[in-house]
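Residues 103 to 900 in my numbering are what the sequence shown lists, from first letter to last.
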Amino acid sequence: MKNIHSKLILATAITAAMAGCTGTSETTANIDTPLNDQAKTVAITAIGEIDGFGSVIVNGVHYDTDTAEVTIDGEPATEDELDVGMVVEVDGEKTDKKGAKANRIRFFSKVAGQVETVDSDAQTLTVMGKTVLIDGDTKLDDAIDSVTLAPLAQGVVVRVSGRTNADGQIVATRIDIRQEQTNTQQRLSGIVSSLNTSDGNTFRLEGKNIEFASANLVGDELTDGVRVLVRGETIDGVLVASKVVVITQKERPTNDEKDSQRKKRVEIKGKLVKKEGKEHLEIDGRPVKNIDNEDIKNGDKDDIKAGELVTIKGDVNADGSIDVDSVKRELAATLRMMGNVEEVDTQTGEMTVNGKKYRLQDDTDYSDKEAKERYFNMEDITPGDTVVVDGFKDKQGKRIVKSVTRINKEREQDKKQSGRLHTTLSAVNDGLLTTADGVMVVIQEYTVITKSVDLTTITLGEDGDKLLISGTYNADGELEAKHITSLRTTPSKDEMPRAEQAPEDKLKDIEDKMTRLEERLKKERERPSKERAEKADKEVGQQDVEERIKDIEDRVKDHQHVMDKEDTREMADKIERMKHDVEMDFDYPEAHREAVIEKFEALLLKLTEAGDTKGVAHIEEILANLAEVDDMVEEREHTNGMETHEKEMIEDEIDEKLENIKDRVEEKYAHEDMMGTPKMPKERDCEVDAIAKIEATIAKIEALDDLSENEKALKLEKLNAILASLKAAQNNTDNTSPKDNTPKTPKGDDQQEPEQEPQQDPEKDKQQPRDRNPIKEAPIKQEPLNEESRSKKAPTKA
Numbered sequence: 103m104k105n106i107h108s109k110l111i112l113a114t115a116i117t118a119a120m121a122g123c124t125g126t127s128e129t130t131a132n133i134d135t136p137l138n139d140q141a142k143t144v145a146i147t148a149i150g151e152i153d154g155f156g157s158v159i160v161n162g163v164h165y166d167t168d169t170a171e172v173t174i175d176g177e178p179a180t181e182d183e184l185d186v187g188m189v190v191e192v193d194g195e196k197t198d199k200k201g202a203k204a205n206r207i208r209f210f211s212k213v214a215g216q217v218e219t220v221d222s223d224a225q226t227l228t229v230m231g232k233t234v235l236i237d238g239d240t241k242l243d244d245a246i247d248s249v250t251l252a253p254l255a256q257g258v259v260v261r262v263s264g265r266t267n268a269d270g271q272i273v274a275t276r277i278d279i280r281q282e283q284t285n286t287q288q289r290l291s292g293i294v295s296s297l298n299t300s301d302g303n304t305f306r307l308e309g310k311n312i313e314f315a316s317a318n319l320v321g322d323e324l325t326d327g328v329r330v331l332v333r334g335e336t337i338d339g340v341l342v343a344s345k346v347v348v349i350t351q352k353e354r355p356t357n358d359e360k361d362s363q364r365k366k367r368v369e370i371k372g373k374l375v376k377k378e379g380k381e382h383l384e385i386d387g388r389p390v391k392n393i394d395n396e397d398i399k400n401g402d403k404d405d406i407k408a409g410e411l412v413t414i415k416g417d418v419n420a421d422g423s424i425d426v427d428s429v430k431r432e433l434a435a436t437l438r439m440m441g442n443v444e445e446v447d448t449q450t451g452e453m454t455v456n457g458k459k460y461r462l463q464d465d466t467d468y469s470d471k472e473a474k475e476r477y478f479n480m481e482d483i484t485p486g487d488t489v490v491v492d493g494f495k496d497k498q499g500k501r502i503v504k505s506v507t508r509i510n511k512e513r514e515q516d517k518k519q520s521g522r523l524h525t526t527l528s529a530v531n532d533g534l535l536t537t538a539d540g541v542m543v544v545i546q547e548y549t550v551i552t553k554s555v556d557l558t559t560i561t562l563g564e565d566g567d568k569l570l571i572s573g574t575y576n577a578d579g580e581l582e583a584k585h586i587t588s589l590r591t592t593p594s595k596d597e598m599p600r601a602e603q604a605p606e607d608k609l610k611d612i613e614d615k616m617t618r619l620e621e622r623l624k625k626e627r628e629r630p631s632k633e634r635a636e637k638a639d640k641e642v643g644q645q646d647v648e649e650r651i652k653d654i655e656d657r658v659k660d661h662q663h664v665m666d667k668e669d670t671r672e673m674a675d676k677i678e679r680m681k682h683d684v685e686m687d688f689d690y691p692e693a694h695r696e697a698v699i700e701k702f703e704a705l706l707l708k709l710t711e712a713g714d715t716k717g718v719a720h721i722e723e724i725l726a727n728l729a730e731v732d733d734m735v736e737e738r739e740h741t742n743g744m745e746t747h748e749k750e751m752i753e754d755e756i757d758e759k760l761e762n763i764k765d766r767v768e769e770k771y772a773h774e775d776m777m778g779t780p781k782m783p784k785e786r787d788c789e790v791d792a793i794a795k796i797e798a799t800i801a802k803i804e805a806l807d808d809l810s811e812n813e814k815a816l817k818l819e820k821l822n823a824i825l826a827s828l829k830a831a832q833n834n835t836d837n838t839s840p841k842d843n844t845p846k847t848p849k850g851d852d853q854q855e856p857e858q859e860p861q862q863d864p865e866k867d868k869q870q871p872r873d874r875n876p877i878k879e880a881p882i883k884q885e886p887l888n889e890e891s892r893s894k895k896a897p898t899k900a
C-alpha cells in the first residue's frame, strides 16, 4: 500500500513558512505522530471528497478500509464502487503508530435521476429540475467528454455528488452515468425544512416538495434541520418518496468510561452556516470555535464567514462544538494545464510540467486515465507522463495543485481537453498570446473578450494585468480561447465567474439593483405627504428599501474582487445621491431615515475598501520582494563553497532588488500623499509586517563578517531609506482619524458645496485607457523572450 502523507509534510511546512502578509499557515498533523500524549487512539469523523485510494484518502488522510463497512445511498457496497470526487462521511479512528482506520464509509447522492437538459457551453445540466454546475474541480465519469459533455443527453440517468450553493444550484464534485439506465428512480439529499406531519406528511428539500406518507423511514427521528436522502418518483412536481434515510446521526452516549474520556476529532469539508440568533458559525451542524489567524490557510479571519467552503480540522468539545486548529479556505481552480511531466520531487512534493513547478498537497486528487491504476498517487507519476493539472496560484505566485490526472495522449488526441489559466501575458502578437505560464493562446472568431480587457494596452510581465482565459487545448498544445476576462485574485469557489457570466455581468446586476432602488426612493418622495404618512405607519415601504440596500451590500461584498476604481466610483456617486435625498427628505419617518442612512454609509465604506485594492496589492508586492531579498541574504550567509563570480552575482542581485524596492516604496507614498488616498486596515497590517521584515534583514546584514564596510553601508542605506518611508507612512496613518476617510455628504443648502472634480474631456478619456492594474505606479521591468518577441511585443502601460 502506498502512502505519500509523510513525504508531503515537508512541502506543507515550506508552504507555511512562505505564507504572505496575512500571517496565515496550516499545520497538518502527521498521522504517525500522537495527537494526544495521554490517549493512543483518537475517534475521528471526516466529511469530504475522496482524493484517491491507498486505501481511501479523504481530506488528505489515508484510511485503512480492510474492515470498513461501505454503503452507497444506504445500500451495502464495496470500496471498489467508490471513486475520486465523491463526498463521503468516514467514521473511524487515528492511532499514534498505526495511522488512520475507517470503520464506516457512507456516500449519499446529492441528486440522481434522468438528465433533462445539457448546456456544454455553460457546462451545466439539469436533473429533477435542479441546475448542476460543472467547474474545474468536478470529476467526470471516464465516459463523459469534459468539453462536449457527450454522451450526456436528455433521458440519460446520472448520479451527482456535490454541494448546494447560495443560489440553490448544485456544484458537482463528481458526475457518473448510472450503469442501470432502466432504473429511473430519483434520489435527492439535503436539509429538511417545513416538516408537516399533521396534514399530508410533507416537507421541503432542496427547493422541492416531498410527500412521504407511504415512505419507509430509516434512521433517527425525522425533524426540521436533519439531513436526509429521499428516493422516489416525481408526480405533478412533487417527489413522492418510497424511502427516506435520515443521514444526520445523534451522538450516542457511552457507558464505557474509557471511551467517554477518549478524545474525539473531526475533519470536515463543507459550507459554513450562520444560524439566526447565533453568534457562532457552524459546519455540518457543529459550532466552530477558537479560530485564530494562524490557523487559516488561503485567507484571514475576514474571509471565514457564512457561505464559505472550508475544510475544518479540530477536536470535539464536551458540548459538541469544534475547537478548531486548522481552517483551509477552498479556492477555485483557476488553472488547468495540460503538459508533459519533466521532473517529480517526492521530498518537496513538487513536480515540473512544461518548465513550471507545481506544488502537490496532502489533499490533492489523483486520477489515472492512462493505465487505469486505482491506487495512483505522486509516487506513480514519472517524467514523460502526460497530465492534466487543475489548481490555482497562491499569493506568493506558487502553483498549487488541486488535482492531477494522467492521460494517454494518443488515445485522447481525438478529444479536446478543456483549459483554464489565471495568468499574465508576456507577449501579444496578432491574435496569438504568450502567457507567463509558457502557454500559447490563440484568439478565435468566437472568442469573447470582456470590456475589462484591452489587449492593445495591457501591462505585460509577471506583475502585469491578471487575466482568466478559458477554452480548449488543440493538438499542438495551444489553448484556443473561448472567454477572456480580467480577474485580480483567485476567488473562493462560489465567487468564480462562469463562462456564461463575466465579472462585468455581476457588476451590472448590482448597478441595476441600485437603479431600481433609486427609482423606488424617488417614487416615495413624490408620494403625497398624507399618503406617505399612512404608509409609513405600516412600515412596509421603508423596510423594503432597507432590505434592498442590504441585498446590494451583500452583493458588493461578494463581488468586490472584480471591481476597479471606476466601478466603485460610479456606484459610490449613486449611493451619495440617494443618501443625500433621504437626509433632506424630512417627511421620511425618522427611525427609518436613520436606519437607511446608516446602511448607505456602511455600503459606501465597503465600496471604498473594494476600490482600494491598489494600495494593498502594492504593499503586498513590496513584501514579496522583501522576502526574496531575505532569501538572498540567507544564501549570502552560506557562500563559503561558492566561486567569486557567484558571490558577486548574489551581491549584485541584492543591491538591484533593494534599489527597486526603495524606488517603489518612495513612489507609492509620494503618489498617496499627492492623491490623499485613504489606507485600508489590511494595508496597514502589511506595512507593519514589512517594517518587521526590514528590521530583521538589517540585523542579518549587520552580522555579516565577510562583507566590506562599503558594501554593507550601501545595502544598509537602502534598507534604512525603505524603513524610514514605511515608518513615516505609519505615523501619518496614526495621526489621521478614520472619520477623515469617510465620504462627506452635504446636509443642506446653507453648507458649502464639496469641491468638484475638474471636468474631463470625453475625447481625451477615450484615448487614455482605464487603469486596471493594482500595482502600476512604477514601470515594470520586463525581459523579452527573444529578439523577435522584443520587436513584436505589445505596448506596456506604465
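Note that the Cβ used here is the ideal one computed from N, Cα and C, for glycine as well.
Problem set entry | Three or more C-beta pairs below 8 Å linking the region 417-424 and the region 451-458 | no
Problem set entry | Test item: CB-CB of K430 and T448 under 8 Å | With contacts defined by Cβ atoms closer than 8 Å, K430 and T448 do not form a contacting pair.
Problem set entry | Residue interval of the beta strand (DSSP E) (run including E547) | 542-551
For this session: Run the CB neighbour count on G901, radius 10 Å, all protein chains shown included, and call it buried at 16 or more, exposed below.
Result: This structure gives no information on residue 901, because the portion of the chain shown stretches from 103 to 900.
For this session: Return the chain-ordered list of same chain residues with a C-beta closer than 8 Å to the C-beta of L818, the five sequence neighbours on each side being excluded.
Result: I800, I803, E804
Problem set entry | Under the three-state DSSP convention, the category K391 falls into | strand
Exercise. DSSP three-state call for V684: helix, strand or coil?
Worked result: helix
Exercise. Ends of the beta strand (DSSP E) at K415?
Worked result: Looking at the DSSP string, the run of the beta strand (DSSP E) that includes K415 is 411-418.
Exercise. Residues in its own chain within less than 6 Å of F314 by CB, not counting five upstream and five downstream?
Worked result: Result list for F314: N303, A343, V346, in chain order.
Exercise. Per DSSP, which one or two residues make a beta bridge with A148?
Worked result: V192, E369
Exercise. So what's G850 in DSSP terms, helix, strand or just coil?
Worked result: The pLDDT assigned to G850 is 40, lower than 50, so where the model puts this residue is not dependable; a value taken from the coordinates is nonetheless given after this. G850 falls in the coil class under three-state DSSP.
Exercise. Terminal residues of the continuous alpha helix (DSSP H) containing R513?
Worked result: 511-514
Problem set entry | 6 Å CB neighbourhood of E369 in its chain, flanking five on each side removed | A148, N161, K415
For this session: Report yes if the CB atom of D614 is closer than 8 Å to the CB atom of V186, and no otherwise.
Result: no
Exercise. Can you name, in chain order, every residue of its own chain whose Cβ lies under 8 Å from the Cβ of E832, other than the five neighbours on each side?
Worked result: Per the sequence shown, the amino acid found at residue 832 is Gln instead of Glu. Excluding positions up to five away in sequence, the list reads R786, E789, V790, I793.
Exercise. Enumerated in chain order, which unbroken segments of the beta strand (DSSP E) with a length of 3 residues or greater are wholly contained in the region 435-523?
Worked result: 437-447, 452-455, 458-461, 467-470, 488-495, 501-509
Problem set entry | Extent of the continuous beta strand (DSSP E) run through Q288 | 288-293
Exercise. When you compare each of R522, Q519, T525, T549 to G533 by their alpha carbons, which one comes out closest?
Worked result: Proximity to G533 across R522, Q519, T525, T549 peaks at T549, based on C-alpha coordinates.
For this session: Alpha carbon to alpha carbon, how far is D675 from N205? Give it in angstroms, no decimals.
Result: 60 Å
For this session: Report the rounded CA-to-CA distance for E218 versus K212, giving the unit in angstroms.
Result: Cα to Cα, E218 sits roughly 16 Å from K212.
Exercise. What is the DSSP secondary structure of K759, counted as helix, strand or coil?
Worked result: helix
Problem set entry | DSSP beta-bridge partners of E335 | V342
Exercise. Would you report the Cα separation of V418 and G257, rounded to the nearest angstrom?
Worked result: 45 Å
Exercise. What are the partner residues of I571, as DSSP defines its beta bridges?
Worked result: L523, I586
Exercise. For the beta strand (DSSP E) that L383 lies in, which residues bound it at each end?
Worked result: 383-385
Problem set entry | G201 - partner residues in DSSP beta bridges | T197
Problem set entry | Strand pairing of P178, partner residues [DSSP] | T173
Problem set entry | Per-residue DSSP class, three states only, for I236 | Reduced to three states, the DSSP call for I236 is coil.
Exercise. What is the residue span of the beta strand (DSSP E) that A214 lies within?
Worked result: 213-221
For this session: Report buried or exposed for N400, applying the criterion of at least 16 other Cβ atoms within 10 angstroms of its Cβ.
Result: buried
Exercise. Along the chain, where does the beta strand (DSSP E) that runs through A245 open and close?
Worked result: For A245, no beta strand (DSSP E) segment is defined, and its DSSP state is neither H nor E.
For this session: Quick one: which unbroken beta strand (DSSP E) runs of 3-plus residues sit fully inside the region 253-337? Chain order, please.
Result: 259-266, 272-279, 288-293, 295-298, 304-307, 310-313, 318-320, 329-337
Exercise. In angstroms, rounded to a whole number, what distance separates the CA positions of G176 and T286?
Worked result: 17 Å
Problem set entry | Buried or exposed (CB count within 10 angstroms, at least 16 for buried), M616 | buried
Problem set entry | Three or more C-beta pairs below 8 Å linking the region 484-493 and the region 534-547 | no
Exercise. What number of angstroms, rounded off, separates the C-alpha of T143 from the C-alpha of K366?
Worked result: 9 Å
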